[in-house]
Amino acid sequence: MMMINSRAAGSQGRRLHFVGTLPQFDTAAAAFAAQTGQLHGEIRRLSGGETGPRLSWFVPLVKELKAGPKVTARQEGDWSDYDDVDRLAVRRGHRLTPGDIPLHLAEWAEEELDALQAAGTPATAERPLQVGVPSYLDLALFIFGPIGALRWAGVFLDAVTAQVERMVAHAGNRVVIQIETPAAAIAVASMPSSLQRRAADALGGLVLRQVRRAPQGARLGMHLCVGDMGHKARVRPSSVAPLVRLTNVLARRWPDGRTLEFVHIPLCGGEEPPTTDPTFYAPLRELDIAPNTTLVAGLAHEGATVEDQRAVRDLVERETGMEVDIATACGLGRRSREQAESAVERMRALLS
290 MMMINSRAAG SQGRRLHFVG TLPQFDTAAA AFAAQTGQLH GEIRRLSGGE TGPRLSWFVP
350 LVKELKAGPK VTARQEGDWS DYDDVDRLAV RRGHRLTPGD IPLHLAEWAE EELDALQAAG
410 TPATAERPLQ VGVPSYLDLA LFIFGPIGAL RWAGVFLDAV TAQVERMVAH AGNRVVIQIE
470 TPAAAIAVAS MPSSLQRRAA DALGGLVLRQ VRRAPQGARL GMHLCVGDMG HKARVRPSSV
530 APLVRLTNVL ARRWPDGRTL EFVHIPLCGG EEPPTTDPTF YAPLRELDIA PNTTLVAGLA
590 HEGATVEDQR AVRDLVERET GMEVDIATAC GLGRRSREQA ESAVERMRAL LS
C-alpha cells in the first residue's frame, strides 16, 4: 500500500482552505475573528471572505467598467447563470488602458491587513493573508468575449500585474496570491481526452504569463475552478484527469523565484457532491507537484454524508500518496448563510 506523506506547507496534518467568498460573515473582520478564534490551528492562511458586493466575484468590476465612457454593453445580464451575463465592447475610436480597469484588489488587501492589525492578529509569514485574484485571461474572456479577449488580454494582464505588485510591495511574504482561472480549467475539461494534454499545455502557458509577471519572491496558489454560477458547475468531467493534466503543466513550467504554495482542485461542483466512484480519482496518481506544494482537495459538500466524503478523501490521499488540505469546490458565495455554515462544518469534519 502506498505510504501517505504529510507534507502540507511544512507542517503536519490537514488544514482548511477557504477558496474565497464566505457569505455567513458581513465583514472581513468578522471572518477573521472566526478564523483566528474558533478555527485557530485549523487553517494555514487567513481569508477576508470577499464579503458584501465582492460575493459575486468580479461582477462589480464589470458594472463599474460598463459605466465608464470607453465601453458599451453588447448584452445586458444579471449574472444569475452562464447565459445571463453582461458582454461588453470598447467603443469605436477608444482604446482601453490598464488604468481603465477598475480593479480594487490591492486596496481591499490593504484594508484587510489593517483589520487584522487592529484586531491584534496581524498577518505573518506563518499565517498570511490570502487574496483571490482573477486571472487576466478570465477577466478579458468573460467581459469581452473570445474576440475581445484576443485584443484586450494584454491590458488586463498589465492591470492585474500592477495590483499584485502593489500587494507584494506592501505586505511581502505576509500575503499569498490565489490566482483563479475557470477559463483554463473549464476549457481543458471540455475537450475530448485525446486533446486535453495539448489544450492543457497551451492554456497553462497563458495562465503562467501572469505568474511570470509577479514579483520575485511572491507567494502564489492556484484555484482551478469549474464554475459555480447559480451554484452550478459549468462542466462536470468524467474524471479528474483534465485538471491533473493542467496542474502538471503549471507545476512543471512554474517560473523560478515565485513559490507555488498550493493547488486547489475541485472534485465536485455546484449542487452535486463528489462521486464515490474510485475511477474518477484514479488519474490523481499521475499528479506531479513539488514536495513543498500543498494539494487542496475541493471535495467538502454539505449534500453528502460525512462517511462518503471521508471515503473520497481517503481515495484522494491514497492515489496521490499525500495528505491533503480540505476545501469546497469553489467559494461559498452562491450558498445561503446557513448552507455556508454547514459547508464549513463539513470541511472541519473531514480534517479527521
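Mapping to this note's numbering: the sequence shown position 86 is 375, numbers consecutive. Cβ atoms here follow ideal geometry from the backbone N, Cα and C, with glycine treated the same way. Note that the coordinates shown come from a computational prediction; the quantities given were computed from them, not determined experimentally.
Residues in its own chain within less than 8 Å of Val529 by CB, not counting five upstream and five downstream? By 1-based counting over the sequence shown, the position of residue 529 is 240. Cβ within range, chain order: Ile554, Leu556, Phe569, Tyr570, Pro572 and Leu573.
Nearest-angstrom Cα distance between Ala638 and Val595? Within the sequence shown, residue 638 is the residue found at index 349, counting from 1. Within the sequence shown, residue 595 is the residue found at index 306, counting from 1. About 7 Å.
Could you tell me if His727 is buried or exposed, where buried requires 16 or more neighbouring beta carbons within 10 angstroms of its beta carbon? This structure does not reach residue 727, given that the chain is present from 290 up to 641, and the question cannot be answered.
Buried or exposed for Val627, going by 16 or more other Cβ atoms inside 10 Å? Walking along the sequence shown from the start, residue 627 turns up at place 338. It should be noted that the sequence gives Glu, not Val, for residue 627. Answer is exposed; the Cβ neighbour count stays below 16.
Candidates Arg304, Pro531 and Glu401, of which the one nearest Ala322 by Cα: Taking the sequence shown and counting its residues from 1, one reaches residue 322 at position 33. Here the closest residue by C-alpha is Glu401.
Could you tell me which of Met456, Glu469 and Pro391 sits nearest to Lys355, measuring between CA atoms? Walking along the sequence shown from the start, residue 355 turns up at place 66. Among Met456, Glu469 and Pro391, the Cα nearest to that of Lys355 is on Pro391.
Report, in whole angstroms, the separation of the C-beta atoms of Ala423 and Glu469, which I expect to be a contact under 8 Å. As a first step, residue 423 is located in the sequence shown; it is residue number 134 there, counting from the start. As a first step, residue 469 is located in the sequence shown; it is residue number 180 there, counting from the start. Per the sequence shown, the amino acid found at residue 423 is Pro instead of Ala. That belief holds up - the Cβ atoms of Pro423 and Glu469 are roughly 5 Å apart, short of 8 Å.
Would you identify the three-state DSSP class for Met518, choosing helix, strand or coil? Within the sequence shown, residue 518 is the residue found at index 229, counting from 1. Here Met518 sits in helix by DSSP.
Buried versus exposed call for Asn581 [16 or more other C-beta atoms within 10 Å across all chains shown]: Here residue 581 is taken as the residue at index 292 of the sequence shown, counted from 1. Exposed: under 16 other Cβ atoms inside 10 Å.
Within its chain, find whatever has a CB closer than 8 Å to the CB of Arg602; leave out the 5 residues flanking it on each side and keep chain order. The residue you call residue 602 lines up with position 313 of the sequence shown. These residues qualify, in order along the chain: Ala586, Leu588, Val613, Ile615 and Leu639.
Report yes if the CB atom of Thr536 is closer than 8 Å to the CB atom of Ile578, and no otherwise. By 1-based counting over the sequence shown, the position of residue 536 is 247. By 1-based counting over the sequence shown, the position of residue 578 is 289. Yes, these two residues count as a Cβ contact at 8 Å.
Along the chain, where does the alpha helix (DSSP H) containing Thr617 start, and where does it finish? The residue given as residue 617 occupies position 328 in the sequence shown. Counting along the chain, Thr617 sits inside no alpha helix (DSSP H), nor does DSSP assign it H or E at all.
Would you kindly work out how many angstroms separate the C-alpha atoms of Leu446 and Gly357, rounded to a whole number? In the sequence shown, residue 446 corresponds to position 157, counting from 1. In the sequence shown, residue 357 corresponds to position 68, counting from 1. Distance between the alpha carbons of Leu446 and Gly357: 20 Å.
Tell me which same chain residues have a C-beta within less than 6 Å of the C-beta of Gly620, skipping the five on either side of it? Your numbering for residue 620 matches position 331 in the sequence shown. Cβ neighbours of Gly620 beyond the five flanking positions: Val308, Gly309 and Thr310.
What do you get for Tyr425, buried or exposed, if any count of 16 or more other CB atoms within 10 angstroms of its CB means buried? Numbered from 1 along the sequence shown, position 136 holds the residue referred to as residue 425. Burial call: buried.
Using three-state DSSP, classify Phe314 as helix, strand or coil. Taking the first residue of the sequence shown as position 1, residue 314 is located at position 25. Three-state result, Phe314: coil.
Decide if Pro435 is buried, meaning its Cβ has at least 16 other Cβ atoms within 10 Å, or exposed. Numbered from 1 along the sequence shown, position 146 holds the residue referred to as residue 435. Exposed, because fewer than 16 other Cβ atoms sit within 10 Å of the Cβ of Pro435.
Cutting at 6 Å between CB atoms, please list the residues of its own chain near Lys521, excluding the five before and the five after it. Mapped onto the sequence shown, residue 521 falls at position 232. So the qualifying residues of the chain are Gly559.
Starting from Ala460, trace the beta strand (DSSP E) in both directions and tell me its first and last residue. The sequence position of residue 460 within the sequence shown is 171, counting from 1. Premise fails: Ala460 lies in the alpha helix (DSSP H), Tyr425 to Ala460, not in any beta strand (DSSP E).
Hey, out of Ser625, Gly421, Thr361 and Asp545, whose CA is closest to Arg381's CA? The count along the sequence shown starts at 1 and reaches residue 381 at position 92. Restricting attention to Ser625, Gly421, Thr361 and Asp545, the CA atom closest to the CA of Arg381 is found in Thr361.
For the region 498-507 against the region 452-459, are there 3 or more C-beta pairs whose distance is under 8 Å? At 8 Å Cβ cutoff, the stretches touch.
Inter-residue spacing [alpha-carbon to alpha-carbon] between Ile332 and His306: What you label residue 332 is simply residue 43 of the sequence shown in a count that begins at 1. What you label residue 306 is simply residue 17 of the sequence shown in a count that begins at 1. When rounded, the distance between both Cα atoms is 6 Å.
What are the start and end residues of the alpha helix (DSSP H) that includes Pro531? Here residue 531 refers to the residue found at position 242 of the sequence shown. Counting along the chain, the alpha helix (DSSP H) containing Pro531 begins and ends at Ala530 to Arg541.
Backbone secondary structure at Ala298 - three-state DSSP: Numbered from its first residue, the sequence shown carries residue 298 at position 9. Only weak support is given to the placement of Ala298: the predicted model assigns it a pLDDT of 38, under 50, and the question is left unresolved by the model.
Excluding sequence positions up to five away, which residues of its chain have a Cβ less than 6 Å from the Cβ of Val348? The count along the sequence shown starts at 1 and reaches residue 348 at position 59. Only Trp368 meet the Cβ criterion.
Please list, in chain order, all residues of the same chain as Leu509 whose beta carbon is under 8 Å from its beta carbon, the five residues on each side excluded. Position 220 of the sequence shown, counted from the start, is the residue given in the question as residue 509. Contacts found: Val465, Ile466, Gln467, Ile468, Val500, Ala503, Arg547, Thr548, Leu549 and Glu550.
Distance, Lys359 Cα to Asp375 Cα: To locate residue 375, count along the sequence shown from 1; it is residue 86. To locate residue 359, count along the sequence shown from 1; it is residue 70. Using only the alpha carbons, I get a separation of about 15 Å.
Give me, in chain order, the residues of the same chain whose beta-carbon lies closer than 7 Å to that of Glu399; leave out the 5 immediate sequence neighbours on both sides. Stepping through the sequence shown from its first residue, residue 399 is reached at position 110. Excluding five sequence positions before and after Glu399, the CB atoms of its chain that fall closer than 7 Å to its own CB belong to His459, given in chain order.
Per DSSP, Phe551 forms a beta bridge with which residues? On the sequence shown, position 262 is the one that residue 551 refers to. Answer by DSSP bridge pairing, in chain order: Gly510 and Thr583.
Do you know offhand how far Ser295's Cα is from Gln364's? As a working note, residue 295 is residue 6 in the sequence shown. As a working note, residue 364 is residue 75 in the sequence shown. Bear in mind that the predicted position of Ser295 carries a pLDDT of just 48, short of 50, making it too unreliable to give a figure here.
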